[in-house]
Amino acid sequence: MADIKPKDVQVAEIGAETWVLRSRTWDRLKFEIEYSRQRGTTANSYLIQGEKTALIDPPGSSFTDIFLKELHDHQYFQKLDYVILGHVNPNRLTTLKRLIELAPQMTIVCSKPAANALKAAFPDQDLRINAVRGEEVLDLGKGHELRFAFVPTPRWVDGLCTFDSATRILYTDKLFGAHICDDPILDENWKQLDDDRHYYFDCLHASQSRQIEAALDKLAAFPAKMYAVGHGPLVRYSLSRFNLDYRQWCEQQKTQELSVAILYTSAYGNTATAGQAIAQGLTQADVAIESINCEFADSAEIVAAIERCDGFIIGSPTLGGHAPTQIQTALGLILSTASKTKLAGVFGSYGWSGEAIDLLESKLQDAGYGFGFDSIRIKFTPTDEVLQQCEAAGAEFAQALKKAKKVRVPHQVAPAGQSDRTEQALGRVVGSLCVVTAKQGDTAEGMLTSWVSQATFSPPGVTVAIAKDRADGVLDHVGDQFVLNILKEGRNLRRHFVKPAAPGEDRFAEIEIEVAANGCPVLLDGLAYLECTVQNRMECGDHWLLYAIVENGKVLEQKGVTAVHHRKSGSFY
1 MADIKPKDVQ
11 VAEIGAETWV
21 LRSRTWDRLK
31 FEIEYSRQRG
41 TTANSYLIQG
51 EKTALIDPPG
61 SSFTDIFLKE
71 LHDHQYFQKL
81 DYVILGHVNP
91 NRLTTLKRLI
101 ELAPQMTIVC
111 SKPAANALKA
121 AFPDQDLRIN
131 AVRGEEVLDL
141 GKGHELRFAF
151 VPTPRWVDGL
161 CTFDSATRIL
171 YTDKLFGAHI
181 CDDPILDENW
191 KQLDDDRHYY
201 FDCLHASQSR
211 QIEAALDKLA
221 AFPAKMYAVG
231 HGPLVRYSLS
241 RFNLDYRQWC
251 EQQKTQELSV
261 AILYTSAYGN
271 TATAGQAIAQ
281 GLTQADVAIE
291 SINCEFADSA
301 EIVAAIERCD
311 GFIIGSPTLG
321 GHAPTQIQTA
331 LGLILSTASK
341 TKLAGVFGSY
351 GWSGEAIDLL
361 ESKLQDAGYG
371 FGFDSIRIKF
381 TPTDEVLQQC
391 EAAGAEFAQA
401 LKKAKKVRVP
411 HQVAPAGQSD
421 RTEQALGRVV
431 GSLCVVTAKQ
441 GDTAEGMLTS
451 WVSQATFSPP
461 GVTVAIAKDR
471 ADGVLDHVGD
481 QFVLNILKEG
491 RNLRRHFVKP
501 AAPGEDRFAE
511 IEIEVAANGC
521 PVLLDGLAYL
531 ECTVQNRMEC
541 GDHWLLYAIV
551 ENGKVLEQKG
561 VTAVHHRKSG
571 SFY
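Per the UniProt record's numbering, the very first residue in the sequence shown carries number 1; after that it's consecutive.
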């Protein structure tokens, strides 16, 4: 955004003796896939003042100082009886530590897994903790009787939602949110939030949709009239619609043609963050995800997921030179259960060595599994660039999975041997790897292709074949203009354009470009480019064939070699 405002805390009364404290930033906060729409975010906390006072979901470390100042200005510390946590993570612990120092009289209310995490995080402190299971009632007085729902998911195994019977507000933490920073407290303009809400769901919940459905069933027991969410506008005007959306989005995960199981453990959250980025790449490619945190899953659950999936990806930290016991158990179940036709992937984080990743990779290779991407090794906390590579690896895995499925399903009525030989022979037709860049309205688009050939000398012309599912609304008419960017061998632009674009995503935000005379992007990291105008467009089966006149061109790197796409089969890219 052009004008970045400073962080602030927005305070508003949302019910009887109930306030929201929205810690806001218009910046993207940090890079994780869920923030990549770059529309800022809010970290919503809530204060209920009955005869006793409860603070629900203090924000993470990015907002600690401004949030605690707001509490101090209103003298809330002196009368703070309870802090209720929807989940515990290292980011939130920073604020919680300061709260404990300022209000040592308070009791922390959380789930049992969260209580265990807190005791491990503060081993030298005698914390007041009330670990609830879901049947308890916490009476704050003045009618504020709080009830709880334990809603664990692979990513938030300690998830807890809270319902206040006095105001009928349901505090949902990570459910029903959106990463967007704006002035409205409530969702009056909820129709404009559809894309942000769906993107938030895809990033955080699509990979754990089975657990989200179970959570929705539990929350249906509360007669809520408002969802007090962890991020974004509170849900008041679109509550029924949003519930239905979540149900439908969960159901869509079941109807995807292909599915992948992501199995992992995460000591410090780094492996889980990488797994989330990989999952997002898969989700954008219309592959269903089942995410399993092996630390909290039993063998039967893991085996069932392995049997259901078309491919699996396993991630592990390295602790003391080894993979955690839970991952070693999961690996054993994979080797004894998963068909060798299933595609595999390996990722992980480490501090000094990385033996766990080597172990997983070697065991799966020795067992004869094919890999959907090169194993990903992450030292310490994943950077922006690493998470982008993880997302691209998820998209790459999805493409490999789709190719593998096409290989198993013949495209023509012919003897299997003859069909295979024909596809193999056709696959020996190679092409230069290129990116077609064009404008669709005010939006720049980029499509990877290797089906390019020079067609004419005079005038100079090329033909380009583009799959119909990639070309919707782009280069539809004679006279439309584009730039054909020829890629250089050894550069990583290919991976950037393999993944499908997220809604509203700027495909060119992370790469160096300039604008050609025809208004389309030129990739400056390419080998050469041609400015083209469409002269003819012909329907050819599942592709459009474009014939275009070349009006201008330039070699960007004289000594480079053109990247070429070598294929093993003519039935897929």
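The beta carbon of each residue, even a glycine, is placed where N, CA and C say it ideally should be.
Length of the line joining the Cα atoms of residue i and residue j
{"i": "residue 181", "j": "residue 398", "result": "32 Å"}
{"i": "residue 48", "j": "residue 505", "result": "38 Å"}
{"i": "residue 403", "j": "residue 291", "result": "23 Å"}
{"i": "residue 86", "j": "residue 146", "result": "13 Å"}
{"i": "residue 106", "j": "residue 10", "result": "24 Å"}
{"i": "residue 391", "j": "residue 277", "result": "5 Å"}
{"i": "residue 64", "j": "residue 483", "result": "48 Å"}
{"i": "residue 507", "j": "residue 165", "result": "46 Å"}
{"i": "residue 16", "j": "residue 168", "result": "10 Å"}
{"i": "residue 422", "j": "residue 157", "result": "50 Å"}
{"i": "residue 513", "j": "residue 563", "result": "19 Å"}
{"i": "residue 300", "j": "residue 349", "result": "26 Å"}
{"i": "residue 83", "j": "residue 94", "result": "14 Å"}
{"i": "residue 222", "j": "residue 128", "result": "28 Å"}
DSSP state of residue i mapped onto helix, strand, coil
{"i": "residue 22", "result": "strand"}
{"i": "residue 342", "result": "coil"}
{"i": "residue 252", "result": "helix"}
{"i": "residue 391", "result": "helix"}
{"i": "residue 411", "result": "With a pLDDT of only 40 at residue 411, under the threshold of 50, the placement of this residue in the model should not be trusted, and no figure is reported."}
{"i": "residue 432", "result": "strand"}
{"i": "residue 2", "result": "Any reading at residue 2 must be qualified, since the residue scores a pLDDT of 38, below 50, and its modelled position is unreliable; no value is offered."}
{"i": "residue 122", "result": "coil"}
{"i": "residue 127", "result": "coil"}
{"i": "residue 49", "result": "strand"}
{"i": "residue 31", "result": "Reliability of the predicted coordinates at residue 31 is poor, the pLDDT of 46 falling under 50, and the value obtained from them is presented with this limitation in mind. Correct three-state label for residue 31: coil."}
{"i": "residue 113", "result": "helix"}
{"i": "residue 422", "result": "helix"}
{"i": "residue 76", "result": "coil"}
{"i": "residue 246", "result": "helix"}
{"i": "residue 416", "result": "Legend: pLDDT at residue 416 = 46, less than 50; position of this residue unreliable, value from coordinates given subsequently. Correct three-state label for residue 416: helix."}
{"i": "residue 401", "result": "helix"}
{"i": "residue 69", "result": "helix"}
{"i": "residue 302", "result": "helix"}
{"i": "residue 132", "result": "strand"}
{"i": "residue 236", "result": "coil"}
{"i": "residue 384", "result": "helix"}
{"i": "residue 64", "result": "helix"}
Beta-carbon proximity of residue i to residue j, cut-off 8 Å
{"i": "residue 111", "j": "residue 67", "result": "no"}
{"i": "residue 159", "j": "residue 142", "result": "no"}
{"i": "residue 44", "j": "residue 228", "result": "yes"}
{"i": "residue 132", "j": "residue 215", "result": "no"}
{"i": "residue 547", "j": "residue 486", "result": "no"}
{"i": "residue 178", "j": "residue 155", "result": "no"}
{"i": "residue 237", "j": "residue 186", "result": "yes"}
{"i": "residue 280", "j": "residue 354", "result": "no"}
{"i": "residue 549", "j": "residue 479", "result": "no"}
{"i": "residue 289", "j": "residue 250", "result": "no"}
{"i": "residue 287", "j": "residue 138", "result": "no"}
{"i": "residue 80", "j": "residue 96", "result": "no"}
{"i": "residue 453", "j": "residue 437", "result": "no"}
{"i": "residue 344", "j": "residue 370", "result": "yes"}
{"i": "residue 311", "j": "residue 271", "result": "no"}
{"i": "residue 113", "j": "residue 184", "result": "no"}
{"i": "residue 565", "j": "residue 431", "result": "yes"}
Residue span of the alpha helix (DSSP H) that contains residue i, given as start and end
{"i": "residue 628", "result": "Nothing can be reported for residue 628: it is not among the residues displayed for the chain, which extend from 1 to 573."}
{"i": "residue 100", "result": "90-102"}
{"i": "residue 218", "result": "209-219"}
{"i": "residue 495", "result": "493-498"}
{"i": "residue 331", "result": "325-337"}
Residue i - containing beta strand (DSSP E), residue span
{"i": "residue 173", "result": "169-173"}
{"i": "residue 535", "result": "528-540"}
{"i": "residue 162", "result": "160-164"}
{"i": "residue 222", "result": "Here residue 222 belongs to no beta strand (DSSP E), and DSSP marks it neither H nor E."}
{"i": "residue 200", "result": "Here residue 200 belongs to no beta strand (DSSP E); instead the alpha helix (DSSP H) covers 194-204."}
{"i": "residue 15", "result": "8-15"}
{"i": "residue 85", "result": "Counting along the chain, residue 85 falls outside any beta strand (DSSP E), and DSSP gives it neither H nor E."}
{"i": "residue 446", "result": "443-449"}
{"i": "residue 275", "result": "No beta strand (DSSP E) holds residue 275; the alpha helix (DSSP H) holding it covers 270-284."}
{"i": "residue 544", "result": "543-555"}
{"i": "residue 148", "result": "145-150"}
{"i": "residue 523", "result": "521-523"}
{"i": "residue 462", "result": "461-467"}
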